[in-house]
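Respectively, the protein sequence lines represent chains R and L.
Just so you know, we're using this note's numbering here: the first sequence kicks off at 426 and counts up by one.
Just so you know, we're using this note's numbering here: the second sequence kicks off at 343 and counts up by one.
Worksheet for the structure shown next.
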Amino acid sequence: MLFNSYQFIFLFLPVTIFVFFRIGRLGHANAALSWLVLASFFFYGWWNPVYLGLILLSIIFNYLFGFILSKEITQFPFLKKSMLVLGVAFNIGLIGYFKYFNFFAVNANAYVGTNFSVEEIILPLAISFFTFQQITYLVDAYQGKTKEYNFLHYCLFVTFFPQLIAGPIVHHSEMLPQFSKKHIYIFSNRNFTIGLTIFIIGLFKKVVLADNVAFYSTPIFDAANDGLILTFYEAWFGALAYTFQLYFDFSGYSDMAIGLARMFGILLPVNFHSPYKAESIIDFWSRWHITLSRFLRDYVYIPMGGSRKGVAHRYINLMLTMLLGGLWHGAGWTFVIWGGIHGLYLVINHAWRVITNIFFPHDREKSTLNTIMARSITFFIVVISWVIFRSDNIDSAFNFLSSMSGANGIPLPAILKNSLGGSNFSLLGVNFYYSELFNRKYFNPNAAIIWLLGLMLIVNFAPNTQQIMSRYIPALLTTKWKADTLRKNWLKWKPSNVWSIIISFLAIISILSLTQVSEFLYFQF
Amino acid sequence: MRKYFNRYLLLLVSMMTTFLVLIAIFNYLIDPYWIYRKIEIDGVNKVKPMFRTHISMAKANLVNKIKPQGLILGSSRSGYGLDPEHPGWQTSPVYNLSLPGTSIYELMRYFQHATAANSVKEIVLALDFFMFNGQRRYKTDFNEKRLNVDRNNKLNFISNVYDIPATLFSIDSLMASIKTLRSQKSTNGYLANGQRNWSSYAERIKKVGGYRNMFHLVEKEYLTDHWWFSSCNRYDFVEPQTHKSTLRYLKAIISAAYINNITLHIVISPNHARFLEVIHAAGLWDIYEEWKKMLVFTIKTEANKSGKSEFKLWDFSGYDMYNSEDVPLKNENKAMEWFWEPSHYKAELGTLILNRILIPMKNSNEKYPNYGVLLTSQNIKSHLEKIRAERLIYINSHHDDYLEIKNLAIKTENWRIKTRCQQLIKNRINN
């Protein structure tokens with residue numbers, strides 16, 4: 426079930442909330458939690474009931490292993506370590522089979538000459554999320570960082586529907602203690618209102634902003650994947666549109682998750698903090714998909730040695746972590762390359778910091794120009810990386826990027842023809858020619874410009890959801906961004922009539938945008 | 343503090359409910375897609391400009407409302423040309439369920455949709471060459487979920503309500519309603535019986551500067567798009583995803599017609615002689631002939647399988663006095679009698695077609711001799727040879743038309759290779 430569907434908003438959510446607090450008010454905490462677990466299983470099974478068994482198996486297995494690992498069996502360190510290795514191997518094996526087997530098989534068949542049979546394996550929803558969350562649990566149980574938890578709480582930690590299918594990737598140490606608090610079983614007007622408001626903001630970001638700007642990215646990427654050559658402008662419009670689409674889609678979804686959890690009095694960690702305001706790629710990764718960065722840092726980068734073994738090692742670890750992070754997003758070379766270039770970006774960024782610290786140790790003041798430059802360069806290289814991320818294969822990514830670079834020429838509007846001398850010309854190796862700016866009529870370019878400009882303003886100047894909701898501690902992990910507190914108080918949400926009207930309009934527009942009436946564009950005949 | 347939260351929530355919920363309900367009522371009454379048909383008021387919502395841009399949705403819903411016993415199924419060619427109220431129909435009501443730019447798969451699905459819920463008795467199935475291109479993509483507004491049955495004829499329980507949320511509670515519908523209110527001075531693109539309202543076509547032809555210009559536009563469109571679509575792969579019956587031929591959808595229609603006792607009149611739509619020249623210049627002549635052979639073969643095999651007599655297959659696409667009509671010269675202010683452009687024939691020609699196929703031979707034969715050929719496995723070979731011979735006669739007597747198309751084909755081919763396709767497809771243009 427998707428958050429942005431009628432079934433979810435008008436049936437699943439009201440029923441789940443009502444029954445939960447009904448049971449909770451009678452004082453049956455465990456019954457209420459069981460209801461929430463059941464509802465979450467239903468939420469998951471709606472998509473494909475077959476995989477309910479898989480997630481259940483994964484939960485039981487990990488809980489048992491975690492249970493044993495957290496017991497005092499330190500007199501047998503070898504046994505304990507083997508248990509951990511087995512447990513992690515089980516999780517990796519599961520995700521490896523469902524997510525990566527075909528990718529591995531196709532490539533092994535092609536390059537090593539093996540003969541694995543490649544059959545279609547349907548990727549179980551959310552497997553990347555629930556496997557990772559449980560690996561952290563096993564590792565921490567092994568290191569003695571976890572207390573003993575009850576099974577019901579553990580089940581809810583994995584399946585709690587707001588975060589189940591697309592994160593934020595929660596950590597057991599921040600979730601499980603919350604389930605033991607008594608106040609979450611009593612319906613709170615305050616939590617519900619705050620949660621609903623965050624949910625509506627997220628819904629608006631997803632169904633209005635992301636889904637609308639997708640009209641300008643999807644046809645372009647489809648055309649590139651079909652092997653068509655894009656013009657310079659088509660490629661740039663498509664790349665920018667996708668950059669915004671992905672952000673509003675994913676951060677909108679995270680907001681919705683945070684809002685939904687809040688309706689139950691549960692705080693989830695913040696996942697996005699205005700990533701396109703980042704002034705360096707290091708900064709970017711502390712703002713984009715924050716809970717994934719946190720996981721990769723704590724459970725991949727640091728265990729590999731982090732920065733403790735010297736500069737060279739540090740850079741290698743960084744590269745490997747990002748390559749894995751890339752692969753986590755999907756089984757394909759484009760994702761690996763995407764991770765790789767982000768690894769490279771990060772290495773360059775770290776090296777640059779070292780160098781500038783040597784030459785300008787005291788120069789900490791940043792001018793406005795400095796900030797604009799830094800933000801623009803960061804944004805630019807992120808856009809480049811999204812093109813690779815979104816392309817079906819490396820060839821189409823390459824073609825797309827060459828169109829963006831001007832290698833396929835840059836068309837000029839015919840009206841300039843007379844004033845510029847009248848014939849095609851070449852400047853710095855780029856061919857300029859007079860032609861249609863947009864080869865096919867993918868969309869109305871004027872509407873595209875308005876959307877892209879509008880979203881560009883939003884990502885650069887608008888406050889983000891946490892900032893707007895900052896009076897009411899909307900999420901965990903927000904303390905890091907204390908410095909970003911809004912200076913203007915009127916921008917901060919409070920339960921006032923004005924805010925109610927604003928949010929209800931966002932809600933109305935979002936609900937009216939849940940479905941579209943698709944149009945047949947070739948209608949002249 | 344609790345008080346503020348209560349008030350905030352109350353205001354939020356009441357605002358949302360009020361606005362959403364009002365919008366839904368507004369959309370229901372204005373009915374921009376013409377599917378609820380509750381109230382029609384002159385000057386308010388009588389003209390439905392959004393109907394023609396949402397044909398797949400609107401016609402799918404309308405079929406369930408009108409419950410026709412006779413159907414016309416085909417592309418925009420039969421949409422313009424064939425009249426559901428022709429006196430030859432043995433059943434009523436008849437609805438023109440033609441969908442513009444459709445494919446044989448979509449036709450099969452609309453056939454299944456219409457026959458599942460209604461007792462359809464007679465269908466004119468008007469086929470076009472382009473429908474069978476496996477490279478073809480389905481129309482953007484085609485959606486399986488609104489059809490009464492799935493492709494295996496299993497009932498779809500939500501088909502009747504599927505379009506309700508989108509047509510009542512969406513920004514698109516709201517905009518469509520507003521647009522409807524504002525364009526009451528224009529005319530409807532479709533008649534109530536599903537036939538395309540052709541009266542606007544003359545206007546369009548005037549706008550582009552006459553018949554010959556209109557011919558050029560359409561010919562160019564076919565040479566650049568319709569037989570290739572966005573990929574550079576040329577026409578092929580085989581679908582790239584399934585590696586199967588699109589002929590199987592025609593088979594499914596025929597065998598279902600036998601099972602449900604539906605009379606099918608299968609028609610190859612007429613086209614102007616210049617259109618055949620476009621096919622030739624695009625290098626598709628062989629595959630075009632192959633297509634006709636396969637139609638004959640498919641109809642015969644399905645008849646044998648069911649043990650019943652063959653459905654009639656009429657070919658109106660060959661050379662005759664109608665489709666060889668001269669195209670007015672550039673700037674010549676003259677209208678054509680039978681064609682709008684090479685691919686769309688006029689309703690007058692449609693009447694002749696229906697005369698021929700719906701009315702028993704002897705009545706119609708005298709006035710319009712020899713229009714259309716009944717294709718069988720016996721005459722298909724000689725029929726194709728005859729067309730080939732007649733083509734030579736045509737291009738010799740219409741040398742300018744021939745050259746015009748030839749040059750257009752070369753130009754579009756170069757353009758496609760340069761701008762669209764990375765792999766060169768050679769030898770496409772025959773000499």
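Where is the CB? At the ideal position from N, CA and C, for every residue including glycine.
- Taking the beta carbon of R615/R as reference, the chain L residues within 8 Å of it are M343, R344, F347, listed in sequence order.
- In this structure L439/L does not touch S398/L by the C-beta definition: roughly 10 Å separates them, more than the 8 Å allowed.
- Taking 7 Å as the threshold, the shortest C-beta distance from M358/L to chain R falls below it.
- Check the Cα spacing between S828/R and each of V855/R, F582/R, P502/R: the tightest is with V855/R.
- L692/R is a Cβ neighbour of L901/R, given a cutoff of 7 Å.
- About 7 Å separates the Cβ atoms of N849/R and Y859/R, confirming a contact at the 8 Å cut-off.
- Where G412/L is concerned, the enclosing beta strand (DSSP E) starts and stops at 412 to 415.
- Here I835/R is not near A822/R, since their CB atoms are 7 Å or more apart.
- Between P694/R and R712/R, the CB-CB gap reaches or exceeds 7 Å.
- Between A468/L and chain R, the shortest Cβ-Cβ separation is not below 7 Å.
- For the options I547/R, M688/R, F501/R, the alpha carbon positioned closest to that of V440/R is the one of M688/R.
- Contact with chain R is absent for T444/L, since none of that chain's Cβ atoms lies less than 7 Å from the residue's Cβ.
- Taking all protein chains in view, the Cβ of M392/L is crowded by 16 or more other Cβ atoms within 10 Å, so the residue is classified as buried.
- Among the CB atoms of chain L, none fall inside 7 Å of the CB of A686/R.
- Excluding residues up to 5 positions away in sequence, F657, V855 lie with their Cβ nearer than 7 Å to the Cβ of G831/R in the same chain.
- The criterion of a C-beta distance shorter than 7 Å is satisfied by W460/R and V444/R.
- The C-beta distance from R478/L to H686/L rounds to 19 Å, too long to fall under 8 Å, and the pair is not in contact.
- P920/R belongs to the set of residues whose beta carbon lies under 7 Å from a beta carbon in chain L.
- The residues V772, in chain order, have a CB closer than 6 Å to that of Y740/R in the same chain once the five nearest residues on each side in sequence are set aside.
- Rounded to whole angstroms, the Cβ separation of S519/L and P374/L is 5 Å, and the two are in contact under 8 Å.
- Assignment of S821/R by DSSP, reduced to helix, strand and coil, places it in the helix class.
- Residue range 553 to 563 is occupied by the alpha helix (DSSP H) that includes N555/L.
- Contact annotation: G423/L and G692/L have beta-carbon atoms nearer than 7 Å.
- Here DSSP, grouped into helix, strand and coil, assigns V807/R to helix.
- Ranked by Cα distance from R451/L, the options R493/L, E464/L, D483/L, N535/L are led by R493/L.
- Under the Cβ criterion of 7 Å, V440/R is not counted among the residues facing chain L.
- If you draw a 10 Å sphere on the C-beta of I802/R, you find fewer than 16 other C-beta atoms in it, and that means exposed.
- Around S525/L, the same chain offers P391 as residues with beta carbons nearer than 6 Å, after the five sequence neighbours per side are excluded.
- DSSP places I610/L in the uninterrupted beta strand (DSSP E) bounded by 605 to 610.
- At a cut-off of 7 Å between C-beta atoms, A756/R does not count as an interface residue with respect to chain L.
- Taking 7 Å as the Cβ-Cβ cut-off, the region 416 to 449 of chain L approaches chain R at S418, P442, G443, given in chain order.
- DSSP places F681/L within a strand segment (E or B) once states are collapsed to three.
- Secondary-structure assignment with DSSP links F857/R through a beta bridge to I835/R, F850/R.
- Taking each of Y591/L, L565/L, N403/L in turn and checking the Cα distance to T640/L, the smallest one comes out for Y591/L.
- The Cβ atoms of W680/L and Y664/L lie closer than 7 Å to each other.
- Taken atom to atom, the span from the alpha-carbon of G569/R to that of K505/R is near 11 Å.
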